[in-house]
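Each residue of the sequence shown is one higher than the one before, counting from 979 in our numbering. Glycine included, every Cβ here is placed at the ideal spot set by N, Cα and C. This report concerns only the one structure given below.
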Amino acid sequence: MINEKCIMIIFGGTGDLAHRKLVPAIYNMHLSGQLPESFALLGTGRKQKSHKQYRHELAVSAKKYSSQSFKEKQWETLAGNIYYHDIDLQDNTGYQRLKETLKALSPGTNSEGNILYYLALAPQLFSPVSTNLKRNKLNASPYGWRRLLIEKPFGYNLASARELNTVITEAFSEENIYRIDHYLGKEMLQNILVLRFVNCIFEPLWNNNYIDNIQITASETDGIGTRGRYYDLSGAMRDMVQSHLFQMLALTAIEPPAQSDPHSVHMEKLNLLKTIQLWPDSPIEEKIVFGQYNNFRAEQGVSPDSKTETFSALKLTIDNDRWRGVPVYLRTGKNLGEKIAKIVIQFKVPSNIDSHILPGSSLADRSDLPNLLTLKVQPREGVVFQFNIKKPATMGEIVPVEMDFCQPCAFLINTPEAYERLLTDAIMGDKTRFTGWNEIECAWSIVDNIYQEYNKAGAYLHQYEPGSNGPQAAIDMLSRDNRRWWE
Ligand code: BG6
């Protein structure tokens, strides 16, 4: 149990994120004794409702979305510290009432303790909320810390992200701003640096001499659910690539940080992001594939002539000595056939392979034989290594086989979910797994450039069937390079 007093306020406490991710995470933290000794949760929303009604709604979500089984008794203990407060976040006057509510909360967590503000909101509300918190002197206190947790999307493009950052940093000091990319809380992302730097067999090969290409996939089976309005403005690039996919790539490709402190890791990620570009000197359709699933335009909140991409595949380059010449393929989308997030490192096939095979042996297609290192981020965390052997009882048929490390099977524990990890970190004041502002800025400038090239070329939005692997054009993008997505 954390020895801190803390009130957590979720602005957007009735929204999708609160119900699907935050409250289930808080419930899990409660079960595993990870919440502060003295903890209260205050959810805000526009509608009026009683604490009782709010608690009931959250119980339904905790039951549905928590990875742990629902235990009535434990939930009741937590629910006793859950409150609801209706507020119009744009209206400055409501914040005085919020102040009163905070004061009235249980004595162990009165407003002189620590407060974690979580902005689980549409991005256009980030500025009014942080400004109003400041106006009402809720942004800092001599009696405890005030931290601001911000969900992505942090802005809509580089310009709006900069504006937003200015407003937020006027209200909160940088050390108290926690910009969330929940992928950084996922166990396998935390593992990438360990895998690379604490095993001497990988790092010497981690460069363009030995690696043929890097593939990062984050595919989802769900569509956009009730988030049509947000998603139609955002699209796959802003929703997933700018944040989660770039963070996965950065950790996969960074130079070894000088130290393991948050600053060194952030600096290395930033250095890496600065070198990312679209693959140079090739036509647009060979490096950007945007798709939209059939019927997306009929979704609630989506414009009937929407050109928003619900799928994006990219071919990028990392312009530094380690990676120059190694294509990086990224792919993400909604309504696809499989929910999976993974990073595949494809090694080169030795050029003199033919002279080493046994007499009389037969080679499968060379393209079947690269060593592959797959970091499985979800759903089942693990690491798989593909290598080649002679198939037993044959004259010498060479076939690829796999060593498969399954993390939950090996450790027989439910790894904490990303939000549990990140909320604990924020309460403890550990910023290692949060994104630095400079990284966000840099990621936006890459995304802005990609959109610019795409729009300039008047490029094509491919349709795809829900439940498929996305547009054929994304598959063609690799086959043109004599490669394939490793499914
Ligand atoms: C969020 C995106 O950041 O990540 C969602 O806004 C997406 O659109 C989600 O569904 C995916 O997260 P996860 O953890 O389910 O892969």
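- In chain order, what residues of the same chain have a beta carbon less than 7 Å from the beta carbon of Ala-996, not counting five sequence neighbours either side? Only Ile-988, Gly-990, Gly-1021 and Ala-1098 meet the Cβ criterion.
- Message: Suppose contacts are defined by Cβ-Cβ distances below 8 Å. Is Ser-1047 in contact with Pro-1002 by that definition?
- Response: Not closer than 8 Å, so no.
- Residue range of the beta strand (DSSP E) that includes Val-1362: Boundaries of the beta strand (DSSP E) harbouring Val-1362: 1360-1368, taken from the DSSP string.
- Is Asp-1217 near ligand 1, in the sense that its beta carbon is under 7 Å from a heavy atom of that ligand? Yes - ligand 1 has a heavy atom lying nearer than 7 Å to the Cβ of Asp-1217.
- Tyr-1032: which of Ser-1345, Leu-1056, Tyr-1307 and Cys-1387 sits nearest, CA to CA? Comparing Cα positions, the closest option is Leu-1056.
- Query: Just the Cα atoms here: how many angstroms apart are Met-1215 and Lys-983?
  - Reply: Just so you know, the alpha carbons of Met-1215 and Lys-983 end up roughly 38 Å apart.
- Query: Can you tell which of Gly-1091, Leu-1111, Ala-1082 and Ile-1060 has the C-alpha that lies nearest to the C-alpha of Asp-1066?
  - Reply: For Asp-1066, the nearest C-alpha among the options comes from Leu-1111.
- Item | Cβ-Cβ separation, Ile-1321 to Ile-1194 (assumed contact under 8 Å), whole Å | Yes, they are in contact, since the Cβ atoms of Ile-1194 and Ile-1321 sit about 5 Å apart, within 8 Å.
- Item | C-alpha gap between Lys-1030 and Ala-1018, whole angstroms | Across the structure, Lys-1030 and Ala-1018 are spaced so that their CA atoms are roughly 15 Å apart.
- Task: Mark Ala-1137 as exposed unless 16 or more other C-beta atoms lie within 10 angstroms of its C-beta, in which case mark it buried.
- Result: Ala-1137 is exposed by the Cβ-count criterion.
- Item | Pick from Met-1245, Ile-1254, Ala-1388 and Ser-1290 that is closest to Ser-1423, judged by C-alpha positions | Among Met-1245, Ile-1254, Ala-1388 and Ser-1290, the Cα nearest to that of Ser-1423 is on Ile-1254.
- Between Lys-1409 and the rest of its own chain, which residues show a CB-CB distance below 6 Å, the 5 nearest in sequence each way excluded? Shown here for Lys-1409: same chain residues with a beta carbon closer than 6 Å to its own, the five before and five after excluded, namely Pro-1240 in chain order.
- Any heavy atom of ligand 1 closer than 7 Å to the CB of Lys-1130? For Lys-1130, the Cβ falls inside the 7 Å cut-off from some heavy atom of ligand 1.
- Message: With a threshold of 8 Å on Cβ separation, who are the neighbours of Lys-1265 within its own chain once the five nearest residues in sequence on each side are excluded?
- Response: Cβ within range, chain order: Leu-1256, Trp-1257, Leu-1292, Lys-1293, Leu-1294 and Met-1455.
- Determine which residues share a DSSP beta bridge with Val-1306 and list them. Note: Val-1306 sits in a beta bridge opposite Ile-1192 and Leu-1294.
- Item | Ser-1196: CB within 7 Å of a non-hydrogen atom of ligand 1 | Residue identity differs from the one stated: residue 1196 is Ala in this sequence, not Ser. Ala-1196: yes, Cβ under 7 Å from ligand 1.
- Task: Pull up the DSSP beta-bridge partners for Asn-1092, would you.
- Result: Paired residue(s): Cys-984.
- Message: Can you determine whether any heavy atom of ligand 1 sits closer than 7 Å to the C-beta of Gln-1220, and answer yes or no?
- Response: Because no heavy atom of ligand 1 lies under 7 Å away, the Cβ of Gln-1220 does not count as near it: no.
- Go ahead and pull the three-state DSSP assignment for Asp-1343. Of the three classes helix, strand and coil, the one that applies to Asp-1343 here is coil, per DSSP.
- Taking only heavy atoms of ligand 1 into account, decide whether any of them is closer than 7 Å to the Cβ of Gln-1160. Residue identity check: residue 1160 is His in the sequence provided, not Gln. Taking 7 Å as the cut-off, one finds at least one heavy atom of ligand 1 near enough to the beta carbon of His-1160.
- Query: What is the rounded straight-line gap between the Cα of Tyr-1208 and the Cα of Leu-1390?
  - Reply: One C-alpha to the other measures close to 38 Å.
- Where do the N-terminal and C-terminal ends of the beta strand (DSSP E) with Tyr-1062 fall, by residue? Unbroken beta strand (DSSP E) run through Tyr-1062: 1060-1064.
- Item | Between the CA atoms of Glu-1359 and Phe-1412 - distance to the nearest angstrom | Between Phe-1412 and Glu-1359, the C-alpha separation is close to 21 Å.
- Message: At the level of alpha carbons, what is the spacing between Ile-1155 and Ala-1231?
- Response: For Ile-1155 and Ala-1231, the distance between alpha carbons rounds to 26 Å.
- Task: Just mark Met-1373 as buried or exposed, buried being the case when its beta carbon has 16 or more other beta carbons within 10 Å.
- Result: Result: exposed.
- Query: Between Val-1327 and Tyr-1096, what straight-line distance do the alpha-carbon atoms span, to the nearest angstrom?
  - Reply: Roughly 48 Å between the two C-alpha positions.
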